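Accompanying notes for the structure given below.
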């Protein structure tokens, strides 16, 4: 045995065999790490639990941990398909995130036809009550009886005394002319008239002529009662004829100058009563009457001045006081009566955005919707288009939702999808609405399985199509309408050539596709229309149609399967339609097993 180990060659062979056997055993037997990994993967596949972030629902990881965006602890997520998966305009949040953001919602409701408009403004002096006391003849100021601005004066009260050499000369001319008035009556008359032009009254002129004494000083009398707002002279000043000595204003009536924005102007008219309060006069309410509305908008403030007149016999209202005014308003005929709180709106340029709560969703979800707003009534804004009565909108925390949508890569106020709806004149929308009315009659004919009614309605569609004027359509809008018009005409022509309901329904699908494109591209003058879908039409290929009612009435099957189908989309009057497609999502990093 010792001889064997002494043989180096034999020892080397034994060692190599041991090493080779060990390597082969390790290669054949799976490692414990791989066994653990396979076992862990098996556990995940059976559990199927997904973990997400309460603030960033797009984060979906296969194990608990921290959110890679905000660092919050992940929470279990539902495996069900969410509303946000089907509509990129919808942002989904967890109940915890809603509570943290202090999100409140309220229903869209109508407003009373009578309301109040809250405006701000200032007290101004009535320009018609302003007067300037001027020098009627040249001279030097000898005395002042009004020494400061703000002094109250009455009509006929002395304001100053003027020494006038020119007036002395004119008096002497009168006395000389009076001695020869029988011979030269024209000179006498001219001398008296000269004194009248210098505003001496008849009694003063008669007194000069009667006494024969020449006066070298005359008093300046106030032509108006009021308050002296400006004193332009001092004792010893020399003034010329027409020089302004004092400015006097009567404040027994004042103007209330109110700033009304463009959206407020439709609610204000001449004759409206205004109630207002002044900051310097607490617990007292004044009234005024609108007498003038400025026809020009101030380009700097985007507001027009509304002038109301108020009595101020007590003198409490002082010029330049700030006031808060309330104007009673009445909705005009045809004006929207839906209103939402100011806090529900987000503005971005010309866009007005609200978040509408998605009903019947597993997690709280909110749809970003662009709406058209009208005038402001206090803390409420009228809604011209884009919302319906009864819909639930976010009134507190709207910015938090929008910020969360931005962080998650969803559409938001700053990242909107491309708008499909084109700007067209209202007259054009009215004409294509008449076209849609004819289309609805065709649809109703197919719903009733009535070939004759369908063919008759096709004739009405042809007439309506021919009456659509392209005035005001330019560029891409014009080209798009021309292409749609041709396709509509071709579909109607093919339907006219059919005599069976099967053939009519086949081409009605093409007509419907084009009418849906017209609706999405230009909009209709209807409060609400619906995009419906039947999955079983044409051997389960499916087909769409446009409906004016929410109830499903299938034109592809008629009485055979009248209620087959579902509403895929609702088009509201004035609401823009956006191009299909999702925004770029933020990709969250994670650990994969």
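Numbering (UniProt numbering), first residue to last: 1 to 593. Ideal Cβ placement from N, Cα and C applies to all residues, glycine included. Just so you know, these numbers come straight off a predicted model, no measurement behind them.
Proximity of residue 254 and residue 138 at Cβ, strictly below 8 Å: Here residue 254 refers to the residue found at position 254 of the chain shown. Here residue 138 refers to the residue found at position 138 of the chain shown. In this structure, residue 138 does not lie closer than 8 Å to residue 254 by Cβ.
Am I right that residue 243 and residue 125 are in contact with their C-beta atoms under 8 Å? What's the rounded C-beta distance? The sequence position of residue 243 within the chain shown is 243, counting from 1. The sequence position of residue 125 within the chain shown is 125, counting from 1. Residue 243 to residue 125, Cβ: 22 Å. No contact.
Hey, would you say the C-beta of residue 347 is under 7 Å away from at least one heavy atom of the ligand NAP? With respect to the ligand NAP, the structure shown offers nothing to examine, as it has no ligands at all.
Could you tell me whether the Cβ atoms of residue 393 and residue 356 are closer together than 8 Å? Taking the first residue of the chain shown as 1, we reach residue 393 at position 393. Taking the first residue of the chain shown as 1, we reach residue 356 at position 356. Residue 356 is positioned such that its CB atom lies closer than 8 Å to that of residue 393.
Distance check for residue 92 and residue 502, CA to CA, integer angstroms please. Along the chain shown, read from residue 1 onward, the residue named residue 502 stands at position 502. Along the chain shown, read from residue 1 onward, the residue named residue 92 stands at position 92. Approximately 44 Å, taken between the alpha carbons.
Quick one: any contact between the segment 268–282 and the segment 154–171, if contact means 3 or more CB pairs under 8 Å? Verdict: no, contact absent.
Taking the runs of the beta strand (DSSP E) that are 3 residues or longer, which of them lie wholly in the UniProt domain "CusB-like beta-barrel" (253–329)? Taking only runs of at least 3 residues, the beta strand (DSSP E) segments lying wholly in the UniProt domain "CusB-like beta-barrel" (253–329) are 253–261, 273–278, 281–293 and 303–311.
Contact set for residue 175: own chain, Cβ-Cβ below 8 Å, skip 5 residues either direction: If you number the chain shown from 1, residue 175 lands on position 175. These residues qualify, in order along the chain: 208, 209, 212 and 214.
Short check: CB of residue 123 to CB of residue 323, under 8 Å? As a working mapping, residue 123 is identified with position 123 in the chain shown. As a working mapping, residue 323 is identified with position 323 in the chain shown. Contact: yes.
Can the beta-carbon of residue 103 be found closer than 8 Å to that of residue 397? Here the question's residue 103 lines up with position 103 in the chain shown. Here the question's residue 397 lines up with position 397 in the chain shown. A contact, by the Cβ cut-off of 8 Å.
Considering only the beta carbon of each residue, do residue 465 and residue 515 sit closer than 8 Å? Here residue 465 refers to the residue found at position 465 when the chain shown is read from its first residue. Here residue 515 refers to the residue found at position 515 when the chain shown is read from its first residue. Contact flag unset, no.
Option nearest residue 284 by Cα separation, candidates 229, 317, 291 and 258: As a position in the chain shown, residue 284 is number 284, starting the count at 1. That would be 317, whose Cα lies nearest to the Cα of residue 284.
Nearest-angstrom Cα distance between residue 165 and residue 131? Locating residue 165 in the chain shown gives position 165, where the first residue counts as 1. Locating residue 131 in the chain shown gives position 131, where the first residue counts as 1. Approximately 27 Å between the Cα atoms of the pair.
Taking the straight line between their C-alpha atoms, what separation do you get for residue 459 and residue 303? Translated into the one-based positions of the chain shown, residue 459 becomes position 459. Translated into the one-based positions of the chain shown, residue 303 becomes position 303. Looking at the two C-alpha atoms, the distance is approximately 51 Å.
For residue 99, is the classification buried or exposed, using 16 other Cβ atoms within 10 angstroms of its Cβ as the cut-off for buried? Your numbering for residue 99 matches position 99 in the chain shown. Looking at its Cβ environment, which holds fewer than 16 other Cβ atoms inside 10 Å, residue 99 is exposed.
Grab the span of the alpha helix (DSSP H) containing residue 433 for me, first residue to last. Here residue 433 corresponds to residue number 433 of the chain shown, with the count starting at 1. Looking at the DSSP string, the run of the alpha helix (DSSP H) that includes residue 433 is 426–447.
Thinking just about the alpha-carbon of each residue, which of 442, 477 and 539 is nearest to the one in residue 495? Taking the first residue of the chain shown as position 1, residue 495 is located at position 495. That would be 442, whose Cα lies nearest to the Cα of residue 495.
Distance between residue 411 and residue 544 (C-alpha atoms, nearest Å): Working through the chain shown from its first residue, we reach residue 544 at position 544. Working through the chain shown from its first residue, we reach residue 411 at position 411. Spanning the two alpha carbons is a distance of roughly 27 Å.
Locate the alpha helix (DSSP H) running through residue 627, then write down its first and last residues. In the structure as shown, the chain begins at 1 and stops at 593. Residue 627 is therefore absent and cannot be evaluated.
Is the segment 291–303 close to the segment 400–419, with three or more CB pairs under 8 Å? no
Using the rule of at least 16 other Cβ atoms within 10 Å of the residue's Cβ for burial, across every protein chain shown, is residue 500 buried or exposed? By 1-based counting over the chain shown, the position of residue 500 is 500. It counts as exposed.
Can you say whether residue 105 is buried or exposed, counting buried as having 16 or more other CB atoms within 10 angstroms of its CB? Residue numbering aside, residue 105 sits at position 105 when the chain shown is read from its first letter. By the neighbour-count criterion, in which a residue is buried when 16 or more other Cβ atoms sit within 10 angstroms of its Cβ, residue 105 is buried.
Using 8 Å as the cut-off, can you tell me whether the segment 480–495 makes contact with the segment 508–526, which would need three or more C-beta pairs spanning the two stretches below that distance? yes
In the segment 373–400, which residue ranges form an unbroken alpha helix (DSSP H) of at least 4 residues, counting only runs that do not cross its ends? none
For residue 222 and residue 154, the rounded distance between their alpha carbons: As a position in the chain shown, residue 154 is number 154, starting the count at 1. As a position in the chain shown, residue 222 is number 222, starting the count at 1. The straight-line gap from Cα to Cα measures roughly 7 Å.
Can you tell me whether residue 476 is buried or exposed, with buried defined as 16 or more other CB within 10 angstroms of its CB? Position 476 of the chain shown, counting from 1, holds the residue named residue 476. When all chains shown are included, residue 476 counts as exposed.
Identify whether residue 412 lies in helix, strand or coil by the three-state DSSP scheme. Position 412 of the chain shown, counted from the first residue, corresponds to residue 412. Three-state DSSP puts residue 412 in coil, outside helix and strand.
From 452, 377 and 241, pick the residue whose C-alpha is nearest to that of residue 341; which is it? Numbered from 1 along the chain shown, position 341 holds the residue referred to as residue 341. It is 377.
Near residue 598, which residues of its chain fall below 8 Å by C-beta distance, leaving aside the five closest residues on each side in sequence? With the chain represented from 1 up to 593, any question about residue 598 goes unanswered, as that position is not in the structure.
Taking the DSSP output, what are the residues bridged to residue 76? By 1-based counting over the chain shown, the position of residue 76 is 76. The partner list for residue 76 (beta bridge, DSSP) reads 51.
For residue 383 and residue 266, the rounded distance between their alpha carbons: Here the question's residue 266 lines up with position 266 in the chain shown. Here the question's residue 383 lines up with position 383 in the chain shown. Spanning the two alpha carbons is a distance of roughly 15 Å.
In the DSSP assignment, the alpha helix (DSSP H) including residue 466 goes from what residue to what residue? Position 466 of the chain shown, counted from the start, is the residue given in the question as residue 466. It spans 451–466 - the alpha helix (DSSP H) in which residue 466 sits, taken as one unbroken run.
For residue 371 and residue 101, the rounded distance between their alpha carbons: Position 101 of the chain shown, counting from 1, holds the residue named residue 101. Position 371 of the chain shown, counting from 1, holds the residue named residue 371. Residue 101 and residue 371: Cα-Cα distance of roughly 24 Å.
Look up residue 92 in the DSSP assignment and give the residues it is bridged to. Stepping through the chain shown from its first residue, residue 92 is reached at position 92. 365, per the DSSP bridge assignment.
Flag this pair as yes or no: are the beta carbons of residue 517 and residue 473 separated by less than 8 Å? As a first step, residue 517 is located in the chain shown; it is residue number 517 there, counting from the start. As a first step, residue 473 is located in the chain shown; it is residue number 473 there, counting from the start. Result no, Cβ atoms of residue 517 and residue 473 do not sit closer than 8 Å.
With a threshold of 7 Å on Cβ separation, who are the neighbours of residue 594 within its own chain once the five nearest residues in sequence on each side are excluded? Missing from the structure shown is residue 594; the chain here goes from 1 to 593 and no further.
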